[in-house]
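Going by UniProt numbering, the sequence shown opens with residue 1, and the numbers climb by one from there. To keep things clear, I will list the structure first and then write my remarks on it.
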Amino acid sequence: MVQAQPAQQQRYSYASSPLDLVGRVREAQHLYRMWQQGADERVHVTLASLRQCEERLQEHFGIKLEGLELLDIGPGQQLKYMRALSVTNQVTGINTDIVPQGFYLRDYVELLRHSPMLRTAKTVTRKLLGWDTRFEKTLAQCVGVRGFPRLPLFRMDATRMTFPKESFDLVCSWSAFEHIDRPRTALEEVARVLRPGGIAYLLIHLYTSHSGSHDPRTFTSEGMAPPYWPHLRPGHRNTVRPNCYVNGVRLDAWKRMFQETMPGVRFIHERQEELLPHLHELKAQGELSDYSDEELLTACLVGVWRKPHSR
Numbered sequence: 001m002v003q004a005q006p007a008q009q010q011r012y013s014y015a016s017s018p019l020d021l022v023g024r025v026r027e028a029q030h031l032y033r034m035w036q037q038g039a040d041e042r043v044h045v046t047l048a049s050l051r052q053c054e055e056r057l058q059e060h061f062g063i064k065l066e067g068l069e070l071l072d073i074g075p076g077q078q079l080k081y082m083r084a085l086s087v088t089n090q091v092t093g094i095n096t097d098i099v100p101q102g103f104y105l106r107d108y109v110e111l112l113r114h115s116p117m118l119r120t121a122k123t124v125t126r127k128l129l130g131w132d133t134r135f136e137k138t139l140a141q142c143v144g145v146r147g148f149p150r151l152p153l154f155r156m157d158a159t160r161m162t163f164p165k166e167s168f169d170l171v172c173s174w175s176a177f178e179h180i181d182r183p184r185t186a187l188e189e190v191a192r193v194l195r196p197g198g199i200a201y202l203l204i205h206l207y208t209s210h211s212g213s214h215d216p217r218t219f220t221s222e223g224m225a226p227p228y229w230p231h232l233r234p235g236h237r238n239t240v241r242p243n244c245y246v247n248g249v250r251l252d253a254w255k256r257m258f259q260e261t262m263p264g265v266r267f268i269h270e271r272q273e274e275l276l277p278h279l280h281e282l283k284a285q286g287e288l289s290d291y292s293d294e295e296l297l298t299a300c301l302v303g304v305w306r307k308p309h310s311r
């Protein structure tokens, strides 16, 4: 497949979010705690998510994650799903951020040219501390390869993809669509670039979940603790420090967009039932009354869809 060139981009990073100096220090502390959990655990989570994806695709459509031309939207700085999937598939990725692969000088020149200083500083710090290298080596060992090749990754807007129509067998995404400011347009683009019979597997981290604000503190092992849903409660909202842009789309709106752009889409709700007693307690106190239990307890919504064959 002839690879598309990146679409024209502004100087933008989804990870850009205004914080003062104290906020940045706290963010760094919590991100460091996340990384202290170790590469083994992060790789385990990645591979468990992929196994779950394959089980779901097998259940709904009878397909395996093998021999596919695949697009990963928003693969993140470590390209974790792209790399794991590349062992048995032909994988392409798109991202709004520049993602250096290894220590290619050109990648870092592009990073300095196009990325905000904060994004650049985070990336360089991770590389210098060896976090990305340890993760990549651990992932390679777990999937039975010596290492990963340089993968085709383009700086491209998911709402304006430059790939020809019907380019991919599978379009997948993990926790990226909540960072897209025109998600309906991105869903339309997914439908366009899928081949007839192709599959979309799109996992969205819901804004209305406990960790939906993307405050790094909610992602650590101590994060599943009071105050619950702080970004949705007026008394706690000013304590929230998100580290990236989040579009704030709610569950029902996501479902409408999916159903309008991908008729026949199926939904999977990944729920946090352990929060139910805390939710009942808060609602008894008159809080969170504007939100349904379903949207508060659903951490992630997965849309799975097969593009119909042309008649």
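Heads up, the beta-carbon is just placed ideally off N, CA and C, and yes, glycines get one too. Predicted, not measured: the structure shown is a model, and the values here were computed from it.
Outcome for residue i when other beta-carbon atoms lying within 10 angstroms are tallied against a minimum of 16
| i | result |
| --- | --- |
| Leu57 | buried |
| Tyr45 | Per the sequence shown, the amino acid found at residue 45 is Val instead of Tyr. Per the 10 Å Cβ criterion, exposed. |
| Leu21 | Its pLDDT being 48, under 50, Leu21 is placed unreliably in this model, and the value from its coordinates should be taken loosely. Under this definition Leu21 is an exposed residue. |
| Val25 | In this predicted model, Val25 has a pLDDT of only 49, less than 50, meaning its place in the structure is not dependable; the value taken from the coordinates is given anyway. Exposed, because fewer than 16 other Cβ atoms sit within 10 Å of the Cβ of Val25. |
| Met117 | exposed |
| His231 | buried |
| Leu70 | buried |
| Gln77 | buried |
| Leu128 | exposed |
| Glu59 | exposed |
| Ser310 | exposed |
| Arg83 | buried |
| Gly212 | buried |
| Glu55 | exposed |
| Ser115 | buried |
| Pro75 | buried |
Residue nearest to residue i in terms of C-alpha spacing, selected from the options
| i | options | result |
| --- | --- | --- |
| Ser209 | Gly303, Asn238, Gly248 and Val87 | Gly248 |
| Lys137 | His236, Pro277, Trp305 and Val43 | Val43 |
| Val171 | Arg155, Arg146, Glu178 and Gly197 | Gly197 |
| Glu41 | Glu66, Leu128 and Cys142 | Cys142 |
| Phe61 | Gly286, Trp229, Val265 and Asp157 | Val265 |
| Phe267 | Ala48, Gly38 and Cys53 | Cys53 |
| Trp305 | Gly212, Asp169 and Leu275 | Asp169 |
| Ala225 | Arg271, Pro234 and His278 | His278 |
| Ala191 | Ser175, Arg160, Ala284 and Thr218 | Arg160 |
Host beta strand (DSSP E) of residue i (start-end)
| i | result |
| --- | --- |
| Thr138 | Not the beta strand (DSSP E): Thr138 falls in the alpha helix (DSSP H), residues Trp131 to Val143. |
| Arg217 | Element bounds for Arg217: n/a, residue is neither H nor E. |
| Glu69 | Glu69 to Ile73 |
| Gln90 | Gln90 to Asn95 |
Under 9 Å between C-beta atoms of residue i and residue j
| i | j | result |
| --- | --- | --- |
| Phe135 | Leu187 | no |
| Leu153 | Thr92 | yes |
| Val99 | Leu79 | yes |
| Tyr207 | Glu189 | no |
| Gln90 | Leu68 | yes |
| Ile63 | Ser173 | no |
| Glu273 | Leu297 | yes |
| Leu194 | Leu301 | no |
| Asn238 | Pro216 | no |
| Val246 | His214 | yes |
Distance cut-off 8 Å: residue i Cβ against heavy atoms of the ligand ADP
| i | result |
| --- | --- |
| Arg237 | Although the ligand ADP was asked about, the structure shown includes no ligands whatsoever. |
Enclosing alpha helix (DSSP H) for residue i [first to last residue]
| i | result |
| --- | --- |
| Trp254 | Leu251 to Thr261 |
| Thr298 | Element bounds for Thr298: not the alpha helix (DSSP H) but the beta strand (DSSP E), Thr298 to Arg306. |
| Phe61 | Ala39 to Phe61 |
| Glu270 | Glu270 -> not in any alpha helix (DSSP H); beta strand (DSSP E) instead, spanning Arg266 to Arg271. |
9 Å Cβ cutoff, residue i in contact with chain D
| i | result |
| --- | --- |
| Glu178 | Absent from the structure is chain D; it holds one protein chain and no more. |
Decide if the segment 242 to 254 is in contact with the segment 178 to 197; the criterion is three or more beta carbon pairs, one per stretch, under 8 Å apart. Contact between the segment 242 to 254 and the segment 178 to 197 is established, with three or more Cβ pairs separated by less than 8 Å.
May I ask you to verify whether the segment 115 to 135 touches the segment 160 to 176, counting CB pairs closer than 8 Å and requiring at least 3? Contact fails: fewer than three Cβ-Cβ distances are below 8 Å.
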